[in-house]
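Novice: So the protein lines, in turn, are chains A and B. Going from the first sequence to the working numbering is simple: count from 1 and add 26. Going from the second sequence to the working numbering is simple: count from 1 and add 26. Handing you this structure, nothing more for now.
2 protein chains.
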Amino acid sequence: MNSTNFHIPNLTIIGVGLIGGSLALALKAAGVVGEVVGAGPGGVDLEKALALGIVDRITDDLAASVRQADLVFLATPVLALASVAAVIMPHLKPGAILTDGGSVKGEVVTAIEPLLRPDVEFVPGHPIAGTEKSGAEAAFATLYQNRRCILTPTARTGADALEQVRRMWQAAGCEVVAMEVAKHDRILAAISHLPHMVAYSLVNAVGSDDRYEENILAYSAGGFRDFTRIASSDPTMWRDIALTNREALLEMMERFEKFFAELKEDVRTGDGQAMFEFFLRSKQSRDAIL
Amino acid sequence: MNSTNFHIPNLTIIGVGLIGGSLALALKAAGVVGEVVGAGPGGVDLEKALALGIVDRITDDLAASVRQADLVFLATPVLALASVAAVIMPHLKPGAILTDGGSVKGEVVTAIEPLLRPDVEFVPGHPIAGTEKSGAEAAFATLYQNRRCILTPTARTGADALEQVRRMWQAAGCEVVAMEVAKHDRILAAISHLPHMVAYSLVNAVGSDDRYEENILAYSAGGFRDFTRIASSDPTMWRDIALTNREALLEMMERFEKFFAELKEDVRTGDGQAMFEFFLRSKQSRDAIL
Chain A
27 MNSTNFHIPN LTIIGVGLIG GSLALALKAA GVVGEVVGAG PGGVDLEKAL
77 ALGIVDRITD DLAASVRQAD LVFLATPVLA LASVAAVIMP HLKPGAILTD
127 GGSVKGEVVT AIEPLLRPDV EFVPGHPIAG TEKSGAEAAF ATLYQNRRCI
177 LTPTARTGAD ALEQVRRMWQ AAGCEVVAME VAKHDRILAA ISHLPHMVAY
227 SLVNAVGSDD RYEENILAYS AGGFRDFTRI ASSDPTMWRD IALTNREALL
277 EMMERFEKFF AELKEDVRTG DGQAMFEFFL RSKQSRDAIL
Chain B
27 MNSTNFHIPN LTIIGVGLIG GSLALALKAA GVVGEVVGAG PGGVDLEKAL
77 ALGIVDRITD DLAASVRQAD LVFLATPVLA LASVAAVIMP HLKPGAILTD
127 GGSVKGEVVT AIEPLLRPDV EFVPGHPIAG TEKSGAEAAF ATLYQNRRCI
177 LTPTARTGAD ALEQVRRMWQ AAGCEVVAME VAKHDRILAA ISHLPHMVAY
227 SLVNAVGSDD RYEENILAYS AGGFRDFTRI ASSDPTMWRD IALTNREALL
277 EMMERFEKFF AELKEDVRTG DGQAMFEFFL RSKQSRDAIL
């Protein structure tokens, strides 16, 4: 890799699902990658990834998968990241760069940095992209187009490694932003983790209403379907996120509860003016990001 | 109108916005309507509706607008329906059919039925369709394709009038279902009114987090945008719905709060297994309506 003509001769992706697979496809489409090795415990997904041309070679031997890698992208569920990092650490090339795509950065950084060899770089990252689908067959080359990728360098992160990972995500189509670990986790708790908790709760609340012979969800029109699409997201992934970003998530869940309780009180007392202002304020915030 | 060849010679639509305008366009496309008159207090919207070919004639004189009408469709915000019905009642033709598209049926029926002349029919209805947009310029002919329309006939509703309104919505593309007023209001509280309250609260909760220099909503990816789209819905319309379906809505808001509190407790205690089961149950319900 050099700084004028960005190229990754050997890339290893551990966890070739939607996130890892889409990065491989995007970098291949951009022509900035040599051989892409797919690794991980997911036997079926690896075979699919190979068959779909997402990766060039697969292996379930994590150690072997990284020996030639210039850059290793960890795209497993959040709670598996550190154990994977521990397994591969002795087998990385000197100068190799490790990066990840975990949706939570604080616990990941805390768990991985103590494991790092002095001659290995680690750049914590998080591409803010995804769909409710998961698995290699859900991957597509344009997932990251016009999405933001947040990198959260620490005191341990080398400037050149940061720049390489920044260029990788730019090549994949992202606008790359750097910020502190804690700020990332608070922002994601607000715009992503809280909404998922709300969506899961909403579908369970509505689905628990068993007074009807028919499935009342079948009456739902576009609004409810779009609104609850994220409740189809992978339960394991979201369990890991909720466990690892607990503090920031709890704060946002409590904030949401206060607003919801305020609105419920307006409904209970029939305060139309207060409701109107509540709805209008929300509409204005929402319209501003259209 | 006769039962073999369905046709509405003179249709008046009061409130030519997304709902009223789209019905006019759908019935014109289906070739089942003669002259369509647009009426209501909304001067700008009426001019737009005429310019866009949604209606053939417009007037802000409600009495004049209904004198020739075989069928009158009321598509104003819910709280305006009864006052409009009161104004037009003396001017309807004998045998005219009045119907509405209000999202709440209990209060509408209670308010309108006492106003009815013996020679006028009323068929309460609700097409479950819409977008977060409002106004005549948002109307389109296919809004109702493959949507459900719920009719809530009462003891006062004549069988022939019910059949005519059923055929009108079928011509517009709907699958028509009849059910009791109270059941309609409970189901809609669950699948539509509650989700809107949740979306408005979510956007306000996230938007109130002012610790950041930048607008953190700008970091949001597809999930949050889709999820909060309904928070852009018309505040007046939703104030009216919350005021008129208060009891059923409050019950659902409390049900949602219980589920959300259960999940928050799982997050607080770090109960990964309980979270996983909560998320999985939601995913299974949601996937069943894909």
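Note that CB positions come from ideal geometry on N, CA and C, so glycine has one too.
1) Assuming A:N230 is part of the alpha helix (DSSP H), what are its boundary residues?
2) Among residues of its own chain, excluding the 5 on either side of A:F166, which ones have a beta-carbon nearer than 7 Å to its beta-carbon?
3) Can you give the beta carbon distance from B:G132 to B:D211, rounded, assuming they're within the 8 Å contact cut?
4) Can you find a C-beta in chain B that's less than 8 Å from the C-beta of A:E239?
5) Would you give the residue range spanned by the beta strand (DSSP E) that B:R83 belongs to?
6) On a Cα-Cα basis, can you pick out the residue from A:R193, A:A108 and A:E158 that is closest to A:F140?
7) Under 8 Å, Cβ to Cβ, is there at least one residue of chain B near A:F250?
8) Compare the C-beta of A:I45 with all C-beta atoms of chain B and state if any pair is closer than 8 Å.
9) Could you work out which residues of chain B lie near A:I242, taking near to mean beta carbons separated by less than 7 Å?
10) Given that A:S308 touches chain B, what residues does it touch there, using C-beta distances under 7 Å?
11) From the beta carbon of A:I39, is the nearest beta carbon of chain B less than 8 Å away?
12) Check the Cβ-Cβ distances between B:V135 and every residue of chain A, and say whether any is below 8 Å.
13) Among residues of its own chain, excluding the 5 on either side of A:D235, which ones have a beta-carbon nearer than 7 Å to its beta-carbon?
14) What are the residues in the stretch 97-116 of chain B lying within 8 Å of chain A by C-beta distance?
15) Quick one: is B:P261 near chain A, going by C-beta distance under 8 Å?
16) Might you give, ordered along the chain, the residues of its own chain that have their beta carbon closer than 7 Å to the beta carbon of B:P120, omitting 5 neighbours on each side?
17) Taking 8 Å as the cut-off, decide whether the C-beta atoms of B:R255 and B:E158 are in contact.
18) Specify the secondary structure class of B:L97 as computed by DSSP and reduced to three states.
19) Look at A:G156 and A:I45 and say whether their C-beta atoms are less than 8 Å apart.
20) When you compare the CB positions of B:L97 and B:I138, do they come within less than 8 Å of one another, or not?
21) Figure out for me which residue from B:P153, B:E239 and B:L220 has the closest Cα to the Cα of B:E201.
22) Please check if any C-beta of chain B sits within less than 8 Å of the C-beta of A:N28.
23) Tell me which residues share the same chain as B:G60 and place their Cβ nearer than 8 Å to its Cβ, disregarding the 5 neighbours each side in the sequence.
24) Excluding sequence positions up to five away, which residues of its chain have a Cβ less than 8 Å from the Cβ of B:V293?
25) Pull the bridge partners of A:H152 from the DSSP assignment, please.
26) Using the Cα positions of B:M194 and B:D86, report the straight-line distance between them to the nearest angstrom.
27) Nearest to A:L178 by alpha carbon, out of A:Y170, A:V207 and A:Q171?
28) Would A:I114 and A:L88 qualify as a contact pair, given that the criterion is a beta-carbon distance under 8 Å?
29) At the level of alpha carbons, what is the spacing between B:M263 and B:T102?
30) Using only CA atoms, which one of A:D260, A:V149, A:A216 and A:S227 lies nearest to B:V232?
31) So A:I114 is in the alpha helix (DSSP H); what residue range does that whole segment cover?
32) Can you grab the Cα-Cα spacing for the pair A:T136 / A:L53, in whole Å?
33) Below 7 Å on C-beta distance, what does A:P221 contact in chain B?
34) Which class does B:E201 belong to by DSSP, given the choice of helix, strand or coil?
35) Could you pull out every residue in the same chain whose Cβ sits closer than 6 Å to the Cβ of B:N28, ignoring the five residues on either side in sequence?
36) Within a Cβ cutoff of 8 Å, which residues of the same chain sit near A:P221, ignoring the five residues on either side of it in sequence?
Specialist: On the basis of the supplied data:
1) L220 to G233
2) S48 and L51
3) 5 Å
4) Judged by the 8 Å Cβ criterion, A:E239 is not in contact with chain B.
5) R83 to T85
6) Per the sequence presented here, residue 140 of chain A reads as Pro, with Phe not at that position. It is A:A108.
7) yes
8) no
9) Within chain B, the residues near A:I242 are I213, A216 and I217.
10) Y226, V229, N230 and A257
11) no
12) no
13) I242
14) none
15) B:P261 has a beta carbon lying within less than 8 Å of a beta carbon in chain A.
16) D145
17) yes
18) Shown here, B:L97 sits in a strand according to DSSP, grouped into three states.
19) yes
20) no
21) B:P153
22) Residue confidence for A:N28 is low, a pLDDT of 42 falling below 50, so the modelled location carries little weight and cannot support an answer.
23) H33, I34, P35, N36 and L37
24) M301
25) A:I176
26) 25 Å
27) Note that residue 178 of chain A is Thr in the sequence shown, not Leu. Selected option, being the one with the closest Cα: A:V207.
28) Yes. Within cutoff.
29) 9 Å
30) A:A216
31) In the DSSP assignment, A:I114 falls within the alpha helix (DSSP H) that extends over L107 to I114.
32) If you take the alpha carbons of A:T136 and A:L53, they lie about 29 Å apart.
33) L228, G249, F250 and F253
34) Residue state, collapsed to three classes: strand.
35) Its pLDDT being 43, under 50, B:N28 is placed unreliably in this model, and the value from its coordinates should be taken loosely. Nothing listed; no residue qualifies.
36) Only I256 meet the Cβ criterion.
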